[in-house]
Amino acid sequence: MSEQELRVSKIENGTVIDHIAGGQALNVLAILDIDGSRGEVVSVGINVPSDRLGRKDVVKVEDRELSQSEVDVLSLIAPAATINIIRDYEVTEKHRVERPGAVTGVLNCANPNCITNENEPVASSFAVLDDGVRCIYCDTIIRDNIAQHIGGT
Amino acid sequence: MRHDHITSAKQLSREDILTVLDRASEIAADPESVSKKYQGSLLGLLFFEPSTRTKMSFSAAMKRLGGDIVDMGPVDHSSVKKGESLADTARVVEGYADALVMRHPSEGSAQMASEFVDVPLINAGDGAGQHPTQTLLDLYTIRENAGLDDLTIGIMGDLKYGRTVHSLAHALTNFETRQHFISPETLKLPRSVRYDLHDGGTEIKTHTNIEGILPELDVLYVTRIQEERFPDKSEYREVAGQYQIDAELLAQASDDLTVMHPLPRVDEIATDVDKTEHATYFEQAHNGVPVRMALLDLLLGETNE
Ligand SMILES: [Zn+2]
Numbered sequence: 001m002s003e004q005e006l007r008v009s010k011i012e013n014g015t016v017i018d019h020i021a022g023g024q025a026l027n028v029l030a031i032l033d034i035d036g037s038r039g040e041v042v043s044v045g046i047n048v049p050s051d052r053l054g055r056k057d058v059v060k061v062e063d064r065e066l067s068q069s070e071v072d073v074l075s076l077i078a079p080a081a082t083i084n085i086i087r088d089y090e091v092t093e094k095h096r097v098e099r100p101g102a103v104t105g106v107l108n109c110a111n112p113n114c115i116t117n118e119n120e121p122v123a124s125s126f127a128v129l130d131d132g133v134r135c136i137y138c139d140t141i142i143r144d145n146i147a148q149h150i151g152g153t
Numbered sequence: 001m002r003h004d005h006i007t008s009a010k011q012l013s014r015e016d017i018l019t020v021l022d023r024a025s026e027i028a029a030d031p032e033s034v035s036k037k038y039q040g041s042l043l044g045l046l047f048f049e050p051s052t053r054t055k056m057s058f059s060a061a062m063k064r065l066g067g068d069i070v071d072m073g074p075v076d077h078s079s080v081k082k083g084e085s086l087a088d089t090a091r092v093v094e095g096y097a098d099a100l101v102m103r104h105p106s107e108g109s110a111q112m113a114s115e116f117v118d119v120p121l122i123n124a125g126d127g128a129g130q131h132p133t134q135t136l137l138d139l140y141t142i143r144e145n146a147g148l149d150d151l152t153i154g155i156m157g158d159l160k161y162g163r164t165v166h167s168l169a170h171a172l173t174n175f176e177t178r179q180h181f182i183s184p185e186t187l188k189l190p191r192s193v194r195y196d197l198h199d200g201g202t203e204i205k206t207h208t209n210i211e212g213i214l215p216e217l218d219v220l221y222v223t224r225i226q227e228e229r230f231p232d233k234s235e236y237r238e239v240a241g242q243y244q245i246d247a248e249l250l251a252q253a254s255d256d257l258t259v260m261h262p263l264p265r266v267d268e269i270a271t272d273v274d275k276t277e278h279a280t281y282f283e284q285a286h287n288g289v290p291v292r293m294a295l296l297d298l299l300l301g302e303t304n305e
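Chains as they are written, first to last, in the working numbering: chain C, 1 to 153; chain Y, 1 to 305.
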C-alpha cells in the first residue's frame with residue numbers, strides 16, 4: 001500500500017476529499033460549514049505533494065458522507081477534487097466532482113435586492129458559467145470568492 | 001409564442017419578438033378587429049411600487065381588447081403591508097384574473113412569482129432588473145422608424161442602472177445591429193450585460209461622448225442620469241451636462257436619426273428637439289398600447305383556444 005492510499009483510507013467512516021487545489025482546503029471546509037463545533041473529527045492537509053497537482057490539499061471528515069449538492073458546489077472552487085466515501089476503513093465510493101449545470105440552495109445571491117434574499121419560499125439558484133455562477137432570478141454574476149457566498153436557504 | 005409568462009426580454013427569440021411586433025402592427029392598423037375579443041376577461045394588476053404610466057398603458061390595452069382590469073391597489077392598503085409573502089399574494093390573486101401584470105421593487109421577483117401561478121404573468125418591472133414590455137415597445141418603435149436589421153444605434157446616459165437599456169441591448173442581439181454605448185465611465189454597462197452581448201455576438205463600442213459617433217447613428221436612445229447616483233452634486237451637474245442633447249447638437253446628425261427616450265425626461269432632451277423630425281419619444285410611449293394589446297392577445301388567446 002502506497003503512502004497515498006494510506007492517507008486516503010485511514011479513517012473508519014466518513015469522507016475524504018482529495019486533490020483539492022493547493023490552498024483551497026479552508027474554503028472547502030467553509031462550503032461544508034465544518035468548523036469542528038459539532039465535535040466532528042476533521043483532518044486537513046495543506047500543500048501535500050501530488051503527482052497530478054504538484055501541491056494539493058486533502059480534507060478528511062469523519063462520520064459524514066457528502067451529499068450530491070455539496071459535491072457539486074465544491075467543483076466551483078476545487079474542480080479536480082475527488083470524493084472518497086469511506087465505510088469500515090474501505091473506500092466504498094469514489095467520484096470526481098463535476099461542474100453542475102446549476103447550483104440550488106447552496107449559495108446566497110450577492111445582490112442584496114434579489115428576491116431570493118427576502119423572506120420568500122424559494123431557494124437560491126445559480127446557473128454555472130465557465131468562469132462563475134449566475135443567479136437565475138436577478139442575473140447577478142459571482143466570479144470571485146465564491147466561497148464567501150456559501151450559506152444557502 | 002410558446003411562453004406562459006413574460007418575465008424577461010431575454011427569453012424572447014427573434015421569432016417571438018417578430019410575432020409580437022407583427023401582431024401589434026395588425027392591431028394598430030385595425031383596432032376594431034379586437035375591440036370585443038376579450039369581453040369577460042380580467043387582467044390583474046399587482047403594482048408593489050407606483051408606476052402610473054405603465055399601469056395606465058396596460059389598463060388601456062386590456063380595455064381596448066374588450067376586457068377589464070382588477071387592481072390590487074397601493075401596497076399601503078393590501079395584505080402585503082401585513083407581511084404576506086409575494087408567493088402567497090400571487091397564488092391568491094391568480095384566482096381573480098385570467099392574466100397578471102406585476103411590478104415589484106426586488107430583482108427576480110417576477111420570475112419567482114411566475115413559478116407559483118398558472119395564469120400568464122407579465123413582468124412590468126422588477127427593481128433594476130427586467131421590463132420586457134418596455135423593450136417590446138422600443139423594438140416596435142425602432143422597427144417602424146429605422147428597421148431592426150442593419151441598424152446603428154447609440155444608447156446614451158445611465159447605462160449602469162437603466163433596466164430599459166439592459167433589456168433593449170440584449171433584445172437587439174437578435175438582430176443585425178451595431179451598438180454604441182455612450183456614458184460616463186462611472187455609469188457604463190454592468191459586467192453581466194456585457195457578458196450577454198458578447199455571448200450574442202454583437203459588435204459593441206463604448207464612448208464617453210456623443211459627438212464623434214452621432215453622424216453614424218440611425219437611432220439615438222437617451223436615458224436619464226439620476227442625481228442620486230452621485231454623492232457629489234457638483235460632479236453630477238458636470239457629468240449630466242455632457243449627456244444632454246438639443247436641436248443644435250442634432251444638426252450634426254443624419255436627417256433620418258430617430259431620437260427615443262423611455263420617458264419621463266427632465267432636461268436630457270431639450271424641448272427644442274420636440275419639434276424636429278427626430279423626436280419619436282411620444283410616439284414611442286403611445287406604441288405601448290398596441291404592443292401590450294398584442295402581447296395580451298397572444299398570451300390570452302393561447303389559453304382560450
Ligand atoms: Zn439574485
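Just so you know, even glycine gets a beta-carbon here, dropped at the ideal spot from N, CA and C. Small disclaimer: the values here were computed from a predicted structure and weren't measured.
Start and end of the beta strand (DSSP E) containing Met102(Y)?
Residues 99-104.
Using the beta-carbon of each residue, which ones in chain C are nearer than 8 angstroms to Leu86(Y)?
The contacting residues are Ile115, Glu118, Glu120.
Residue range of the alpha helix (DSSP H) that His3(Y) falls in?
Segment: none, His3(Y) is in no alpha helix (DSSP H) and carries neither H nor E.
Taking all protein chains shown into account, do 16 or more other C-beta atoms lie within 10 angstroms of the C-beta of Arg52(C), making it buried, or fewer, making it exposed?
It counts as exposed.
Considering only the beta carbon of each residue, do Gly44(Y) and Ala97(Y) sit closer than 7 angstroms?
Yes, they are a contact pair.
Is the closest heavy atom of ligand 1 to the C-beta of Gly108(Y) under 6 angstroms?
Because some heavy atom of ligand 1 lies under 6 angstroms away, the Cβ of Gly108(Y) counts as near it: yes.
Would you kindly check if the distance between the Cβ of Thr135(Y) and the Cβ of Leu168(Y) is under 7 angstroms?
Taking 7 angstroms as the Cβ cut-off, Leu168(Y) and Thr135(Y) qualify as a contacting pair.
Does Leu6(C) come out as helix, strand or coil in the three-state DSSP assignment?
Bear in mind that the predicted position of Leu6(C) carries a pLDDT of just 48, short of 50, making it too unreliable to give a figure here.
Using the beta-carbon of each residue, which ones in chain Y are nearer than 7 angstroms to Tyr89(C)?
Those within 7 angstroms of Tyr89(C) in chain Y number zero; the least Cβ separation is about 46 angstroms.
Classify Met102(Y): buried if its beta carbon has 16 or more other beta carbons within 10 angstroms, exposed otherwise.
By the neighbour-count rule (16 or more Cβ atoms within 10 Å), Met102(Y) is buried.
According to DSSP, which residues form a beta bridge with His95(C)?
In the DSSP output, where bridge partners are listed per residue, His95(C) has Ile83(C).
Within the continuous alpha helix (DSSP H) that includes Ala247(Y), where are the two ends?
From DSSP, the alpha helix (DSSP H) with Ala247(Y) extends over 247-250.
For a contact meaning CB atoms closer than 9 angstroms, what does Gln111(Y) contact in chain C?
Going along chain C in sequence order, the residues near Gln111(Y) (Cβ under 9 angstroms) are Ile115, Ile136, Tyr137, Cys138.
Threshold first: 3 residues or longer. Then list the beta strand (DSSP E) segments lying entirely within the region 245-284 of chain Y, N to C.
Whole beta strand (DSSP E) segments, 3+ residues: 258-260.
Taking the alpha carbon of Ser106(Y) as the reference point, which residue from Glu26(Y), Gln130(Y), Asp196(Y) has its own alpha carbon closest?
The shortest Cα separation from Ser106(Y) among Glu26(Y), Gln130(Y), Asp196(Y) belongs to Gln130(Y).
Report the residue from Asn209(Y), Asp126(Y), Leu65(Y), Leu137(Y) whose alpha carbon sits nearest the alpha carbon of Met156(Y).
Here the closest residue by C-alpha is Asn209(Y).
Quick check: the Cα distance between Asn108(C) and Gln39(Y), rounded to an integer number of angstroms?
Answer to the nearest angstrom: the Cα atoms are 45 angstroms apart.
According to DSSP, simplified to helix, strand and coil, what is Phe58(Y)?
In this structure, Phe58(Y) counts as helix in the three-state DSSP scheme.
Does Glu94(Y) come within less than 7 angstroms of chain C when only Cβ atoms are used?
Chain C contact via Cβ: absent.
Whether or not the region 10-28 of chain C and the region 52-62 of chain C are in contact is what I'm after, with contact meaning three or more pairs of Cβ atoms, one per stretch, closer than 8 angstroms; do they touch?
Enough Cβ pairs lie closer than 8 angstroms, so yes.
Using DSSP with H/G/I as helix, E/B as strand and the rest coil, what is Thr153(C)?
Here Thr153(C) scores only 44 on pLDDT, less than 50, and its place in the model is too uncertain to base an answer on.
Please state if the CB of Glu94(Y) and the CB of Val70(Y) are separated by a distance shorter than 7 angstroms.
No, Cβ-Cβ distance for Val70(Y) and Glu94(Y) is not below 7 angstroms.
Specify the secondary structure class of Arg38(C) as computed by DSSP and reduced to three states.
DSSP places Arg38(C) in coil when its eight states are reduced to three.
Which residues mark the beginning and the end of the beta strand (DSSP E) in which Met156(Y) is found?
Looking at the DSSP string, the run of the beta strand (DSSP E) that includes Met156(Y) is 151-156.
Less than 7 angstroms between C-beta atoms, sequence neighbours within five positions excluded: which residues of the same chain meet that for Ala30(C)?
Ala147, Ile150.
Taking 6 angstroms as the line, does the beta carbon of Thr92(C) fall inside it for any heavy atom of ligand 2?
Of the ligands this structure carries, namely ligand 1, none is ligand 2.
State yes or no: is the beta carbon of Glu107(Y) nearer than 7 angstroms to at least one beta carbon in chain A?
The structure shown contains no chain A; the protein chains it does contain are C and Y.
Between the region 13-33 of chain Y and the region 99-114 of chain C, are three or more C-beta pairs nearer than 8 angstroms?
In short, these stretches do not touch, since the Cβ pair count stays below three.
Got a sec, what are the start and stop residues for the beta strand (DSSP E) Asn123(Y) sits in?
Where Asn123(Y) is concerned, the enclosing beta strand (DSSP E) stretches over 121-126.
If the cut-off is 7 angstroms on Cβ atoms, which residues from the region 169-195 of chain Y count as contacting chain C, listed in chain order?
Under the 7 angstroms Cβ criterion, the region 169-195 of chain Y contributes Arg191, Ser192, Tyr195.
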